[in-house]
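Visitor:
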Amino acid sequence: MLNPAQAEVLSLSLWVASTAVLFSLLPALAAAWFLARSRWRGKMLVDALVHLPLVLPPVVTGYLLLVGLGRNSLVGGWLADTFGLVFAFQWTGAALAGAIMGFPLLVRPIRLSLEAIDTRVEAAAATLGASPAWVALTVTVPLVLPGLIAGMVLAFARALGEFGATITFASNIPGETRTLPIAIYTFIQVPGGENQALQLILISIAVSLSALLVSELIARRVKRLQAPL
Amino acid sequence: MLSIDVAHRIGDFSLDCRFDSDARVTGLFGPSGAGKSTLLRIMAGLIRPERGRVELAGRCVFDSARNIHVPAHRRRIGYVFQQARLFTHLNVRHNLRYGAWFARDKPDAERFDQVVDMLDIGPLLGRRVAGLSGGEQQRIAIGRALLSNPAMLLLDEPLASLDAARKQEVLPYVERLSVETQLPIVFVSHQLDELLRLANRQVVAVRDGRVAYCGATAEFLARPELLGADQARDAGALLRVRVREHQQADGLSELDCGGQSLFVPRVDQAPGSAVTVHVRARDVMLARERPQGISALNILSGTIESLVADGDYAVNVLIGVGDQRLEARVTRRSAEHLELAVGQPIHSVIKSLALAEQAWERLGGL
Numbered sequence: 014m015l016n017p018a019q020a021e022v023l024s025l026s027l028w029v030a031s032t033a034v035l036f037s038l039l040p041a042l043a044a045a046w047f048l049a050r051s052r053w054r055g056k057m058l059v060d061a062l063v064h065l066p067l068v069l070p071p072v073v074t075g076y077l078l079l080v081g082l083g084r085n086s087l088v089g090g091w092l093a094d095t096f097g098l099v100f101a102f103q104w105t106g107a108a109l110a111g112a113i114m115g116f117p118l119l120v121r122p123i124r125l126s127l128e129a130i131d132t133r134v135e136a137a138a139a140t141l142g143a144s145p146a147w148v149a150l151t152v153t154v155p156l157v158l159p160g161l162i163a164g165m166v167l168a169f170a171r172a173l174g175e176f177g178a179t180i181t182f183a184s185n186i187p188g189e190t191r192t193l194p195i196a197i198y199t200f201i202q203v204p205g206g207e208n209q210a211l212q213l214i215l216i217s218i219a220v221s222l223s224a225l226l227v228s229e230l231i232a233r234r235v236k237r238l239q240a241p242l
Numbered sequence: 021m022l023s024i025d026v027a028h029r030i031g032d033f034s035l036d037c038r039f040d041s042d043a044r045v046t047g048l049f050g051p052s053g054a055g056k057s058t059l060l061r062i063m064a065g066l067i068r069p070e071r072g073r074v075e076l077a078g079r080c081v082f083d084s085a086r087n088i089h090v091p092a093h094r095r096r097i098g099y100v101f102q103q104a105r106l107f108t109h110l111n112v113r114h115n116l117r118y119g120a121w122f123a124r125d126k127p128d129a130e131r132f133d134q135v136v137d138m139l140d141i142g143p144l145l146g147r148r149v150a151g152l153s154g155g156e157q158q159r160i161a162i163g164r165a166l167l168s169n170p171a172m173l174l175l176d177e178p179l180a181s182l183d184a185a186r187k188q189e190v191l192p193y194v195e196r197l198s199v200e201t202q203l204p205i206v207f208v209s210h211q212l213d214e215l216l217r218l219a220n221r222q223v224v225a226v227r228d229g230r231v232a233y234c235g236a237t238a239e240f241l242a243r244p245e246l247l248g249a250d251q252a253r254d255a256g257a258l259l260r261v262r263v264r265e266h267q268q269a270d271g272l273s274e275l276d277c278g279g280q281s282l283f284v285p286r287v288d289q290a291p292g293s294a295v296t297v298h299v300r301a302r303d304v305m306l307a308r309e310r311p312q313g314i315s316a317l318n319i320l321s322g323t324i325e326s327l328v329a330d331g332d333y334a335v336n337v338l339i340g341v342g343d344q345r346l347e348a349r350v351t352r353r354s355a356e357h358l359e360l361a362v363g364q365p366i367h368s369v370i371k372s373l374a375l376a377e378q379a380w381e382r383l384g385g386l
């Protein structure tokens, strides 16, 4: 059904997007927790920072990443020397770009679910002997699960469709950073590539639709397990 | 058992309370907004007060002078809130078992069944929390608190969020709780009848963040100024009596009040058991001579111990009946007409029906 080149583009895209979502999960939980629960006045600043990728032109985000994390930059050089972690012009860079672009979409639903939780139920758990960490693990996170799933799907879709920041930061390297949207763009640029592009577009639509469907199924499952009062 | 001395401020509200209680069941009484729940939250460790000392079940859990603050999850407090606050993502069984997971001495299967039986929640164990009635949820909340193996129980108006019918459903369980568990209990209420029924020995009255009274419930009841305008009608006396026998023929129970008989609508306690009867001062009629041809079944003879004018037209009369005290509230005109005086023998007339639902098992050895 798929030719080897299409299979490569598809599997690379799925891999990059999944990596992006998985690695941003914990930071997103932390950020959502902070935004929902902290009473610090500087919270607005953090809120703005989290939402920045949503309003900045993606190319700007990509360029900032390139300047900040390129091999010759201070942080990029340090990461490469200490951990052997290189982002620029690598698939890891594509994943990082996807993670950053998807981050606000992941944080928002988690934060909303957190704000909907009755903190008095958490207090009840404390009186039953649960330390703050156990309360988070056994009460808060399970109650936040629907929001978490919704956020993961949104962030996954965003990472899958990421173009501007990725091509700026990680470039367009076949088998390394050429994800679905970049491959589609490349075919459109080449005379006679429309047919190839169309096939990838259909694949792209199929992937996005199935992601939505799967998330809907999981969400229903979770809702059935924990119908709110 | 319980020793509190705390000061705390939340916005405009300032709390400064100090009291001790050795009773197994301590009633915390006061109008809404008096600071009862805040006090309870301080005891549970959910609020850290600005200053003071908290000792629960003989253990110091907070002392600002020595910088001691035991966090809520290490205080071993069974807290039953006004709303059940159950975990909606867990079923009933897992709600009940939640506390056992963290308890050092885990309640065994036998204890689990015992609590489930006591609260009649066996049929609900596999159910989700969402479909349960308010009364069922509150019973599960009580079970959940008990099964966390607490050293002490805090009941924060556990009946307040229920309608009258649900209240009658849950009340017997709360009552059983104080009889069957040997735990120290603090029971919060703004309802006098609940308080008399569940905490009829020791009461702490809180008003505007201060302790207005701390002592025996019987004495508290004789002071209408402490009860608040809406409950002053219930001021009166608590009689400590024993069940003599139940009279099947007409549904009454005969109680022994220092050798004299007191008839009340049937009570559930067995003959010989100790009972507390709440006699409202306004339900007591006085007579110089023993009345004849009168429908009231109870005529207790005693001696007037004191007369205190109350307002423009009323007089509160304290009467010694054997080793007990009875209180009567009569008009000043009647008192003058009868020429009531301290030391005088007097007959107190009380309708049996006025004592309906006013006799309860005596808790914690009054």
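First to last, the sequence lines map onto chains A and B.
To convert, note that position 203 of the first sequence is 216 in this note's numbering; the numbers rise steadily by one, no gaps.
To convert, note that position 28 of the second sequence is 48 in this note's numbering; the numbers rise steadily by one, no gaps.
Quick reminder that beta carbons are idealized off the backbone N, C-alpha and C, glycines included.
Between which two residues does the beta strand (DSSP E) containing tyrosine 233 of chain B stretch?
Guide: On the second sequence, position 213 is the one that residue 233 of chain B refers to. Taken as a continuous stretch (DSSP letters only), the beta strand (DSSP E) holding tyrosine 233 of chain B covers 230 to 236.
Visitor: Can you look up aspartate 137 of chain B in the DSSP assignment and give me helix, strand or coil?
Guide: For the purposes of this step, residue 137 of chain B is taken as residue 117 along the second sequence, with counting starting at 1. DSSP places aspartate 137 of chain B in helix when its eight states are reduced to three.
Visitor: Using a Cβ cut-off of 9 Å (strictly closer), state whether alanine 240 of chain A contacts chain B.
Guide: By one-based count along the first sequence, residue 240 of chain A stands at place 227. Here the model assigns alanine 240 of chain A a pLDDT of 47, short of 50, so the residue's position is not dependable, and the following value carries that caveat. Judged by the 9 Å Cβ criterion, alanine 240 of chain A is in contact with chain B.
Visitor: Anyone know if the C-beta pair for alanine 168 of chain A and alanine 110 of chain A falls short of 9 Å?
Guide: Indexing the first sequence from 1 puts residue 168 of chain A at position 155. Indexing the first sequence from 1 puts residue 110 of chain A at position 97. Not closer than 9 Å, so no.
Visitor: Where does arginine 253 of chain B sit, in a helix, a strand or coil, going by DSSP?
Guide: Within the second sequence, the letter at position 233 stands for residue 253 of chain B. Looking at arginine 253 of chain B - three-state DSSP - the assignment turns out to be helix.
Visitor: In chain order, which continuous runs of the beta strand (DSSP E) of length 3 or greater are located wholly inside the stretch 200 to 238 of chain A?
Guide: Whole beta strand (DSSP E) segments, 3+ residues: zero.
Visitor: Mind checking the stretch 58 to 75 of chain B against chain A and listing, in chain order, the residues whose C-beta falls within less than 7 Å of any C-beta there?
Guide: Cβ contacts with chain A: Ala64, Leu66.
Visitor: List, in order along the chain, the chain A residues whose C-beta lies closer than 8 Å to that of alanine 123 of chain B?
Guide: If you number the second sequence from 1, residue 123 of chain B lands on position 103. Here the neighbours are Gly142.
Visitor: Taking just the CA atoms, how far does alanine 108 of chain A sit from alanine 33 of chain A?
Guide: Taking the first sequence and counting its residues from 1, the one referred to as residue 33 of chain A is at position 20. Taking the first sequence and counting its residues from 1, the one referred to as residue 108 of chain A is at position 95. Approximately 5 Å between the Cα atoms of the pair.
Visitor: Decide yes or no for the touch test of the stretch 60 to 77 of chain B against the stretch 126 to 140 of chain B: beta carbon pairs closer than 8 Å, at least 3 of them.
Guide: Counting Cβ pairs under 8 Å, fewer than three are found: no touch.
Visitor: For valine 45 of chain B and serine 354 of chain B, I'd like the C-alpha separation in whole angstroms.
Guide: Translated into positions along the second sequence, residue 45 of chain B becomes position 25. Translated into positions along the second sequence, residue 354 of chain B becomes position 334. If I take the Cα positions, the gap works out to 39 Å.
Visitor: Tell whether a beta-carbon distance below 9 Å holds between glutamate 189 of chain A and phenylalanine 47 of chain A.
Guide: Your numbering for residue 189 of chain A matches position 176 in the first sequence. Your numbering for residue 47 of chain A matches position 34 in the first sequence. In this structure, phenylalanine 47 of chain A does not lie closer than 9 Å to glutamate 189 of chain A by Cβ.
Visitor: Count the other C-beta atoms from every protein chain shown that fall within 10 angstroms of the C-beta of glutamate 135 of chain A, then say buried if there are 16 or more, exposed otherwise.
Guide: If you number the first sequence from 1, residue 135 of chain A lands on position 122. Burial call: buried.
Visitor: With a threshold of 9 Å between beta-carbons, can threonine 201 of chain B be considered close to chain A, or not?
Guide: For this step, residue 201 of chain B is matched to residue 181 along the second sequence. Not closer than 9 Å to any Cβ of chain A, the Cβ of threonine 201 of chain B fails to qualify, so no.
Visitor: Put alanine 27 of chain B into one of helix, strand or coil per three-state DSSP.
Guide: Here residue 27 of chain B is taken as the residue at index 7 of the second sequence, counted from 1. In this structure, alanine 27 of chain B counts as strand in the three-state DSSP scheme.
Visitor: Quick one: list the residues of chain B neighbouring proline 155 of chain A, beta-carbon separation under 9 Å, in chain order.
Guide: Here residue 155 of chain A refers to the residue found at position 142 of the first sequence. Correct list: Phe107, His109, Leu110.
Visitor: Using the Cβ count rule (16 or more neighbours within 10 Å means buried), how would you classify threonine 323 of chain B?
Guide: Here residue 323 of chain B corresponds to residue number 303 of the second sequence, with the count starting at 1. Threonine 323 of chain B comes out exposed.
Visitor: Tell me whether histidine 298 of chain B sits in a helix, a strand or coil according to DSSP, three-state version.
Guide: Translated into the one-based positions of the second sequence, residue 298 of chain B becomes position 278. Here histidine 298 of chain B sits in strand by DSSP.
Visitor: At a CB distance below 8 Å, what residues from the stretch 110 to 138 of chain A approach chain B? Give them in sequence order.
Guide: Result list: Asp131, Arg133, Val134, Ala136, Ala137, Ala138.
Visitor: Using a C-beta to C-beta distance shorter than 7 Å, which residues of chain A count as neighbours of histidine 93 of chain B?
Guide: Position 73 of the second sequence, counting from 1, holds the residue named residue 93 of chain B. Those within 7 Å of histidine 93 of chain B in chain A are Ala139, Gly142, Ala143, Ser144.
Visitor: One question on the structure: do leucine 193 of chain A and methionine 165 of chain A come within less than 9 Å of each other, judged by their Cβ atoms?
Guide: Along the first sequence, read from residue 1 onward, the residue named residue 193 of chain A stands at position 180. Along the first sequence, read from residue 1 onward, the residue named residue 165 of chain A stands at position 152. No, they are not a contact pair.
Visitor: Any beta-carbon of chain A closer than 9 Å to the one on glycine 385 of chain B?
Guide: Within the second sequence, numbered from 1, the residue matching residue 385 of chain B stands at position 365. Confidence at glycine 385 of chain B is low in this model, with a pLDDT of 39, below 50, so its placement is unreliable and the value that follows should be read with caution. It does not; no Cβ of chain A falls within 9 Å.
Visitor: Which partner residues of tyrosine 198 of chain A appear in the DSSP bridge assignment?
Guide: Along the first sequence, read from residue 1 onward, the residue named residue 198 of chain A stands at position 185. None; tyrosine 198 of chain A has no bridge partner.
Visitor: Could you name the residues of the same chain whose beta carbon sits closer than 6 Å to that of leucine 35 of chain B, not counting the 5 residues immediately before and after it, in chain order?
Guide: Within the second sequence, residue 35 of chain B is the residue found at index 15, counting from 1. Cβ within range, chain order: His28, Gly55, Thr58, Gly229.
Visitor: Rounded to the nearest angstrom, how far is the Cβ of arginine 221 of chain B from that of threonine 237 of chain B, given a contact under 8 Å?
Guide: Position 201 of the second sequence, counted from the start, is the residue given in the question as residue 221 of chain B. Position 217 of the second sequence, counted from the start, is the residue given in the question as residue 237 of chain B. That pair is a contact at about 6 Å.
Visitor: If you reduce the DSSP assignment to three classes, tell me which class methionine 63 of chain B lands in.
Guide: One-based indexing of the second sequence puts residue 63 of chain B at position 43. DSSP places methionine 63 of chain B in helix when its eight states are reduced to three.
Visitor: Does the beta carbon of valine 26 of chain B fall short of 8 Å from some heavy atom of the ligand GTP?
Guide: The ligand GTP is absent from the structure shown, which contains no ligand whatsoever.
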